[in-house]
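Each protein sequence line maps, in turn, to chains S and X. Using our numbering, read the first sequence as starting at 1076 and increasing by one per residue. Using our numbering, read the second sequence as starting at 209 and increasing by one per residue. All residues carry an ideal CB built from backbone N, CA and C; glycine is no exception. Structure record follows, encoded as structure tokens.
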Amino acid sequence: MRLLHNYHYAAAMILFCLGLYTVIVRRNIIKKLIGLNIMETSVFFFYISLGYLDGGIAPIRTGGADPSRMVNPIPQALILTGIVVAVSVTALALSMVILLYRQYGTLDVDRLMREEEPEAAESGKGD
Amino acid sequence: MGAWRHFPIFMITVPLLGAVLLPFLGYVRERWVPYAALLPLGTSTLLGILLIGRIPSDGYLSYHMGGWEPPFGIEIRLDYVGLFLMLVVCGITFLALVYSRHYIEKEVSGGRRTAYYVLYLLMSGAMLGFVATGDIFNLFVFMEILALSSYALVAITGNRNAVRAAFKYILMGAPSSIMVLLAIGFLYSVTGTLNMADLAGRIAESGYTEVLIVSYILLVVGFGVKAALFPLHMWLPDAHSIAPSPISALLSGLLVEVCAFALVRITFSIFTLRASDLVMGTADAVGVAAAAAVLYGGIMAILQKDLKMMIAYSTVSHIGYIFLGLTAFTAEGLTGAMYHMLDHGLAKACLFLCAGNFIYLKGYRRIEDLKGAWSQMPWTCFAFALASLSVIGIPPTAGFISKWYLILGNVEGGKWLYAAVLLAGSILAAVYCLRVLYYMFFQAGKEGAWEEYWHDAPPAMLAPVWALSLATLFFGVFSSLLIPSLLKAATYLL
């Protein structure tokens, strides 16, 4: 019954694990980033569901509104910051994907990492 | 008057504000940017120095943002250890910035130079905030500013390897940040507060539930990635060795340490019950990982052919040292860990900047190329030697003091095996450092490897290197300046 009652938490955790799985297992960089975004979204979802109240009202204390029906604003405020952070990380990562694709011509992580390993120590000066 | 009460917040915001204003200057007069960037960091250093002695040695300075009382508003909490670390951050970032001007002119192409200084200031400000904040969500935000600017700084040269290293860093860093965010959500969901001190009180009240255990483990893993604790260190060698040298110095000398420090604060000031199975069980696991890190990092450093790669692996090993000091749970171990943060920051920054000197002048990265370097670049080589001694832990340097306390702490905690591992790590460090010194001082260079005329790096690059290496000597000889207060602070934490 507790699980049924807290189904939104379970959903967030399933999404989180799916995202992490995608980040770890997929070889395509874009898919990894999509996994990253799924992870982030699951955390946002978790935060928002913390503050959610069925039939809740905005937390503005005027006209004798009932405080017990007010939605908790803190998780929403926090996650707004979280979303900004996530967007910046994604934007930076995507810009690096463009650079990587220009220079290596592939988005496959295995190939990317394998291709360079032996000469990584050699080059680096210049190029 | 109490103007100094506002200094902690100014120390954090001045570099951040500088980062906002610098692009405008860069638009008008790009040549002035390297000098202008010194101003905010210098101000922060000055404010930090003025704060010395203002903080009660067994307590803390609490600053309420916007005048709101702590559990509701954001609090900045600066205890003695925090101020100590902030000063270390200020000092090293300032010196590496002085160093940056020549190096960046050579390594980074025109349009990106202003961006470099902007990101640099962002990173410094974020590190200062990260150390000082008393609010766990703020900790996350500062960590993200720190992480984003460091991802970008690793890639700033834009060449193939740099972008690849930075991307590897993002792929490990971003999920770890999300784990920390999730853990904060868990903590908030069961306690309803974000203030660290308040959290500690409520957790002590409610006892440990499964949610708290999960969130603690998520925090350890999340910060473990950022601090490059052994199995999670994959991103470190590439990122630290390929970044421009001043950035390597900051990443290796400060960033990983600051993240380790965050974990210390979380362990000691939030999950305070040190006897509980939760913290102790995790501490055992972290201890094993740290011991493995000491040995693995040392051995990998010996196997490297690339100088910066070697120094980067040495960092993996030294993060192990710091964590072994923390998991000893004795005042001496904790003091050793704190002192090691200082000593490792100075020595590692110095080593990376020296390596930067070789790259700047000759483009030499391989250790073999350094044969006979002494005859042409004596100043750089002597500074390198001094910092190496500190990394190994030879008596007059600070490295000796910190390792002494680390081993003492582990012996007092009854952890003889870890004490042995610490000693073995020092022997490994001696092997990889002395090899480089041997090449530098006692081998003849290849024909034509070093030009005939005598030259060394420009003064603006030598001065920071020497300041850092002399600082390791200074804090080794005058360790009594800091050790008693650190011991007191450590007993207070426990």
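By how many angstroms is the C-alpha of residue j removed from the C-alpha of residue i?
{"i": "residue 372(X)", "j": "residue 1117(S)", "result": "28 Å"}
{"i": "residue 555(X)", "j": "residue 603(X)", "result": "14 Å"}
{"i": "residue 548(X)", "j": "residue 276(X)", "result": "36 Å"}
{"i": "residue 432(X)", "j": "residue 1137(S)", "result": "46 Å"}
{"i": "residue 429(X)", "j": "residue 1082(S)", "result": "26 Å"}
{"i": "residue 542(X)", "j": "residue 240(X)", "result": "43 Å"}
{"i": "residue 313(X)", "j": "residue 363(X)", "result": "16 Å"}
{"i": "residue 696(X)", "j": "residue 412(X)", "result": "24 Å"}
{"i": "residue 479(X)", "j": "residue 499(X)", "result": "23 Å"}
{"i": "residue 700(X)", "j": "residue 394(X)", "result": "28 Å"}
{"i": "residue 583(X)", "j": "residue 488(X)", "result": "52 Å"}
{"i": "residue 563(X)", "j": "residue 254(X)", "result": "29 Å"}
{"i": "residue 444(X)", "j": "residue 409(X)", "result": "36 Å"}
{"i": "residue 1180(S)", "j": "residue 381(X)", "result": "24 Å"}
{"i": "residue 652(X)", "j": "residue 469(X)", "result": "43 Å"}
{"i": "residue 226(X)", "j": "residue 530(X)", "result": "32 Å"}
{"i": "residue 538(X)", "j": "residue 505(X)", "result": "25 Å"}
{"i": "residue 446(X)", "j": "residue 526(X)", "result": "17 Å"}
{"i": "residue 219(X)", "j": "residue 388(X)", "result": "25 Å"}
{"i": "residue 280(X)", "j": "residue 379(X)", "result": "35 Å"}
{"i": "residue 322(X)", "j": "residue 621(X)", "result": "50 Å"}
{"i": "residue 466(X)", "j": "residue 576(X)", "result": "33 Å"}
{"i": "residue 293(X)", "j": "residue 1146(S)", "result": "40 Å"}
{"i": "residue 578(X)", "j": "residue 490(X)", "result": "43 Å"}
{"i": "residue 518(X)", "j": "residue 646(X)", "result": "15 Å"}
{"i": "residue 256(X)", "j": "residue 224(X)", "result": "16 Å"}
{"i": "residue 244(X)", "j": "residue 250(X)", "result": "10 Å"}
Can you tell me where the alpha helix (DSSP H) holding residue i begins and where it ends?
{"i": "residue 357(X)", "result": "344 to 362"}
{"i": "residue 478(X)", "result": "From DSSP, residue 478(X) is part of no alpha helix (DSSP H); its letter is neither H nor E."}
{"i": "residue 316(X)", "result": "Taken as a continuous stretch (DSSP letters only), residue 316(X) belongs to no alpha helix (DSSP H), as it is neither H nor E."}
{"i": "residue 517(X)", "result": "515 to 535"}
{"i": "residue 720(X)", "result": "Because chain X is modelled from 209 through 702, residue 720(X) falls outside the range shown and cannot be assessed."}
{"i": "residue 413(X)", "result": "404 to 414"}
{"i": "residue 572(X)", "result": "Premise fails: residue 572(X) is in no alpha helix (DSSP H) and is neither H nor E."}
{"i": "residue 1138(S)", "result": "From DSSP, residue 1138(S) is part of no alpha helix (DSSP H); its letter is neither H nor E."}
{"i": "residue 1081(S)", "result": "Note, residue 1081(S): premise wrong, no alpha helix (DSSP H); not H, not E."}
{"i": "residue 457(X)", "result": "453 to 458"}
{"i": "residue 385(X)", "result": "368 to 399"}
{"i": "residue 276(X)", "result": "Where residue 276(X) is concerned, there is no enclosing alpha helix (DSSP H), given that its DSSP letter is neither H nor E."}
{"i": "residue 253(X)", "result": "241 to 259"}
{"i": "residue 216(X)", "result": "215 to 236"}
{"i": "residue 443(X)", "result": "443 to 450"}
{"i": "residue 426(X)", "result": "418 to 434"}
Any beta carbon of chain B sitting closer than 8 Å to that of residue i?
{"i": "residue 1157(S)", "result": "Of the protein chains in the structure, S and X, none is chain B."}
Given a threshold of 16 other Cβ atoms within 10 Å of its Cβ, counted over all protein chains shown, does residue i qualify as buried or as exposed?
{"i": "residue 214(X)", "result": "exposed"}
{"i": "residue 611(X)", "result": "buried"}
{"i": "residue 703(X)", "result": "Absent from the model: residue 703(X). The displayed extent of chain X is 209 to 702, so no value can be given."}
{"i": "residue 286(X)", "result": "buried"}
{"i": "residue 1092(S)", "result": "exposed"}
{"i": "residue 209(X)", "result": "Note on residue 209(X): pLDDT 46, under 50, position unreliable in the model; no value is reported."}
{"i": "residue 573(X)", "result": "buried"}
{"i": "residue 689(X)", "result": "exposed"}
{"i": "residue 236(X)", "result": "exposed"}
{"i": "residue 523(X)", "result": "buried"}
{"i": "residue 1080(S)", "result": "exposed"}
{"i": "residue 634(X)", "result": "buried"}
{"i": "residue 346(X)", "result": "buried"}
{"i": "residue 1089(S)", "result": "exposed"}
{"i": "residue 303(X)", "result": "buried"}
{"i": "residue 1166(S)", "result": "exposed"}
{"i": "residue 694(X)", "result": "buried"}
{"i": "residue 377(X)", "result": "buried"}
Which residues does DSSP pair with residue i in a beta bridge?
{"i": "residue 284(X)", "result": "271(X) and 341(X)"}
{"i": "residue 187(X)", "result": "Limits of chain X in this structure are 209 at one end and 702 at the other, which puts residue 187(X) out of reach."}
{"i": "residue 549(X)", "result": "Paired residue(s): none; residue 549(X) is not in a bridge."}
{"i": "residue 1183(S)", "result": "1103(S)"}
{"i": "residue 1132(S)", "result": "1145(S)"}
Going along the chain, which unbroken runs of the beta strand (DSSP E) with 3 or more residues stay wholly within the region 581 to 666 of chain X? none
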